[in-house]
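Here is the structure we will look at, set down as structure tokens.
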Amino acid sequence: MIIELGHYALVLALATVIVQFVLPVIGTARGDRALMAVAPAAALAGFFLVLFSFSVLTFAYVVSDFSVANVWENSHSLKPLIYKISGVWGNHEGSMMLWLLILSFFSALVATFGANLPERLRANVLAVQGLISVAFALFILLTSNPFLRLAPAPAEGRDLNPVLQDIGLAIHPPLLYLGYVGFSVCFSFAIAALIDGRIDAAWARWVRPWALAAWSFLTAGIAMGSYWAYYELGWGGWWFWDPVENASFIPWLAGTALLHSALVMEKREALKIWTVLLAILTFSMSLLGTFLVRSGVLTSVHAFATDPTRGVFILGILVFFIGGALSLFAFRAATLKAGGLFAPISREGALVLNNLILTTAAATVLTGTLYPLVLEALTGEKISVGPPFFNLTFGGLILPLLLAVPFGPLLAWKRGDVFAAGQRLFAAVGVGLVLAAVVLYIHSGGPVLAYFGLAIGFYMIAGAVTDLWLRAGIGKVKGKVAFRRLIGLPGSAFGTTLAHIGIGVTVIGIVAATAFQTEHVVEMKPGMQVESGGYTLVFEGMRQGQGPNYTEESGHFNVMRGGVTVTDIWSSKRLYMARRMPTTEAGIRTFGLSQLYVSLGDAMADGGMVVRVWWKPMILCIWIGALIMMAGGAVSLFDRRLRVGAPQKVRKVKPVLEAAE
Amino acid sequence: MMRRLVLAAVFFLSALPSAFAVNPDEVLADPALEARARALSAELRCMVCQNQSIDDSNADLARDLRLLVRERLKNGDSDEAVIDYVVSRYGEFVLLKPRLRGETLLLWGAPVVLALAGATAMLLFARRRGGKPTGTPLSETEKAELERALRGD
């Protein structure tokens, strides 16, 4: 009964989002305020209905109601509670429910916090959000309904894919979707601006917090996914340029560009048309990613049975929204007036360069991801585009951007002086080179290029700090004054610095972990030892174990340094009973920012075990950098200036009031 | 095989099995040769896997290919000769970094063309806009208001 209520709520939610789309559109066309005012109420109602529906599905998972086909296919009564809950979105139907839930969540947020938006803009934005919700609610109800029942109900479920029985599944998809779907708000704002043919700095000020929030979540989601893959897949890779990863990386690149161009628009009223286009493209890339992952079109996706009706349906959604938005853009972009002028060498110019490189990089990754599919569809010829291609092309494109990043904040708006900025970055370049030299002295060996990579990372961090340093006047004015100036700087200044430091930290992690990692593949018998990263691992032997829904074999290793045992590592291989499927649970120990990574292979006929041991120096920097970037986004988001609504009205009113006093 | 097929990508986690690729018995005695073998392996696709190089894959076919690469290297082949040989046997599909050919012209051309086109557009735009006034001129009422304000009324 409760299941049917959830199903019913979903249908009702569809009806509600149809209202959320239709009535405000009529309202704005006729100038009917009552109809426009329906939008926020409908958005909130839609959100609570989807939330209820989603909760019912979660409930079915928690109580292991195997009469629901979706639960039977993806759950097991013995599964720990947390994986029962996260298992809700560990499958196609449930993940689309999560998509819809987050989409309606963002609509509800716009409805709640959009009180200071102009009436028409808010109605239009919510109408577009409503239309997207209609498409996805229809998609779920028509092709991917999670509420279908089985009769008779099976006694036991088929369990969730063991790789997914991990805390990573609980965190990664919600974060990623918050990012992915968050860009829908920017998209809706762009469409609303095009419909109204009106766009100004206030528009950018409304859009930027949403872009920042979505970007921060997407950053965290990608980083989390990367770390999850790193520890779960058992051979220490952390980025594979797999199409599914690219599908989340392309919107991230476009979203990063959007953040920066929205900044230009807000501060200088320039790049208006481009910002609108980017807002459309970013969410289009999110939709494309959803299509690639959900339709089964990618060769890498085996998880979901390739069902053409779903693929065609999402393709329809994709074509409708991207095609519709771009046509609208083509018709209406000319009505948006161009804004402020700037010299090529200026803060704006630097941000344009940022946009040029980021969008080119996004397009390159997109081309590489789709090329094999398109080529095979057109000519029947199969080619592979893998990591060596992406490393070369993406690396080549992004390198100049990394070098240019510290320049951006140091250039003045309108007309900057690149030589003066360069002079101010002298210290940062020096810091980078010296620190890289120090690493060379301590570490010695390894490819020369790696030290340049490290130097770039250190230079980026120092360069990011330079901006705050100069703005606070540290060393030029008294310490107290400098401190007061520093804490008086706007949150967005700290946000920028943090985000740019984060990239530097990630660069250092990538370079160090790639260039200086060591790998040992050995066959070990109890008592044997292997050296890695200055530590000695002694193999103590194997032990059998039993989990709630799996059996496992664990290898025990003592980690010694200088003859003294420092710690120990357990590395396991599991066999999940329901699916008879093996997984490796790598043994990982963290030393500072570096990790020892131990993975078990096959047992040999003579009683030895194949063991792989990696020393991954500084590898945690990769994800810590991403967290710092995310923190930068959050700090910017809480910049007071972004929370103050459109300021121009207040300013117009104020002088009058003062005059009256 | 089964493991690989059953293994799944959900969301954006790569669809890569918990692999265990190079085994101790495959490793060449000569470290320089082994390093070359590893570098080559990273560029060759495991034909039966999804987006995995033979260096990362535990499939039997990947193992055969790894052994083949090492065999050719031991026989004194250059890196190019090994790649050519593998391609002649398995086709272009085996290369994770496609070679520049008619069919891949757009693939390799895209980054270059896009970057150049973007830069050109930027320059043209900057030149076209150069020197021209921007923004909307003041309306008559605004002008009058400005006049009044300047006169200090």
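As they're listed, the protein sequences go chains A and B. Counting in this note's numbering, the first sequence runs from 619 upward without gaps. Counting in this note's numbering, the second sequence runs from 379 upward without gaps. We put the beta carbon where it would ideally sit given N, CA and C, even for glycine.
Would LYS475/B count as contacting chain A if we go by Cβ distances under 7 Å?
Chain A contact via Cβ: present.
If you draw a straight line from the C-alpha of TRP870/A to the C-alpha of THR900/A, how long is it?
8 Å
At the 7 Å Cβ level, is SER869/A part of the contact set with chain B, yes or no?
A quick correction: the sequence has Pro, not Ser, at residue 869/A. PRO869/A does not count as touching chain B.
Taking the C-alpha atoms as reference points, what is the distance between LEU494/B and SER751/A?
38 Å
Per-residue contacts from SER577/A into chain B (C-beta, under 9 Å)
Any question about residue 577/A goes unanswered here, given that chain A covers just 619 to 1279.
Through-space distance from SER945/A to ALA1111/A, alpha-carbon basis:
Roughly 37 Å separates the two Cα atoms.
Given a cut-off of 7 Å on the beta-carbon distance, is the pair ARG448/B and ALA407/B in contact?
No. Outside cutoff.
If you measure between the beta carbons of LEU794/A and ALA829/A, is that distance less than 7 Å?
Taking 7 Å as the Cβ cut-off, LEU794/A and ALA829/A do not qualify as a contacting pair.
Give the DSSP-derived three-state secondary structure of ASP433/B in the structure shown.
Reduced to three states, the DSSP call for ASP433/B is coil.
Exposed or buried, GLU1276/A, counting other C-beta atoms within 10 Å across all chains shown (16 or more means buried)?
Because GLU1276/A carries a pLDDT of 40, less than 50, the predicted location of this residue cannot be relied on, and the following value inherits that uncertainty. GLU1276/A comes out exposed.
Distance between TYR1077/A and GLY1048/A (C-alpha atoms, nearest Å):
8 Å
Inside the stretch 401–468 of chain B only - alpha helix (DSSP H) runs reaching at least 4 residues
409–419, 438–452, 457–468
Exposure label - TYR1069/A; buried when at least 16 CB within 10 Å
Taking every protein chain shown into account, the CB of TYR1069/A has 16 or more other CB atoms within 10 angstroms, so this residue is buried.
Does DSSP classify ALA1221/A as helix, strand or coil?
strand
Near the ligand NAD: PHE471/B beta-carbon under 6 Å from a heavy atom:
By its list of ligands, the structure shown contains no ligand whatsoever, and the ligand NAD lies outside what it can speak to.
Answer yes if the stretch 670–678 of chain A comes into contact with the stretch 622–640 of chain A, meaning at least three C-beta pairs across the two stretches below 8 Å, and no otherwise.
yes
Identify, in the order they occur along the chain, each residue of the same chain with its Cβ nearer than 8 Å to the Cβ of LEU959/A, setting aside the five sequence neighbours on each side.
ALA888, LYS1032
Would THR1124/A and ASP1085/A be called neighbours here (beta carbons separated by less than 7 Å)?
no
Once the 5 residues before and after GLY854/A are set aside, which same chain residues still bring their CB inside 6 Å of it?
Spatial neighbours of GLY854/A in its own chain (CB-CB distance under 6 Å, excluding positions within 5 residues in sequence) are listed in chain order as TYR1215, TRP1232.
So ILE932/A and GLY907/A are supposed to be a Cβ contact under 8 Å. How far apart are they, rounded?
At roughly 11 Å, the Cβ-Cβ gap does not stay under 8 Å, so ILE932/A and GLY907/A are not in contact.
Select from the stretch 961–983 of chain A all residues with a C-beta closer than 9 Å to any C-beta belonging to chain B, and list them in chain order.
Contacts with chain B (Cβ-Cβ distance below 9 Å) from the stretch 961–983 of chain A involve ALA961, PRO962, GLY967, VAL970, LEU971, ASN973, LEU974, ILE975, THR977, THR978, ALA979, ALA981, THR982, listed in chain order.
Helix, strand or coil for SER802/A per DSSP?
helix
Apart from the five residues on each side of it in sequence, which residues of its chain come closer than 7 Å, Cβ to Cβ, to PHE1007/A?
GLY986
Three-state secondary structure assigned by DSSP to ASN709/A:
Here ASN709/A sits in coil by DSSP.
Just to confirm, is the Cβ distance from ALA1090/A to ARG1103/A under 7 Å?
Yes, the Cβ-Cβ distance between ALA1090/A and ARG1103/A is below 7 Å.
Contact check, PRO764/A vs ASN688/A, beta carbons under 7 Å
yes
With a threshold of 7 Å between beta carbons, is LEU446/B in contact with chain A?
Cβ-Cβ to chain A under 7 Å: no for LEU446/B.
Contact check, GLN638/A vs ALA661/A under 8 Å by CB: the rounded distance?
5 Å
For chain B, check one thing: does any of its Cβ atoms lie closer than 7 Å to the Cβ of GLU711/A?
no
Assuming contact is defined by CB atoms lying nearer than 7 Å, are ALA968/A and PHE1025/A in contact in what I supplied?
At a Cβ-Cβ threshold of 7 Å, ALA968/A and PHE1025/A count as neighbours.
Have a look at LYS702/A and ARG767/A and give me their C-alpha separation to the nearest angstrom.
18 Å
Under the three-state DSSP convention, the category ASP814/A falls into:
helix
Backbone secondary structure at HIS1138/A - three-state DSSP
strand
Enumerate, from N- to C-terminal direction, the unbroken alpha helix (DSSP H) stretches of 4 or more residues contained entirely within the stretch 1000–1060 of chain A.
1005–1022, 1025–1028, 1036–1042
Unbroken beta strand (DSSP E) run spanning THR1132/A, endpoints
For THR1132/A, there is no enclosing beta strand (DSSP E); the residue is found in the alpha helix (DSSP H) stretching over 1109–1133.
Just to make sure I have the definition right: I need the residues of chain B whose C-beta is within less than 7 Å of the C-beta of LEU1017/A. Which are they?
Residues of chain B passing the Cβ test: none, with the nearest at roughly 12 Å.
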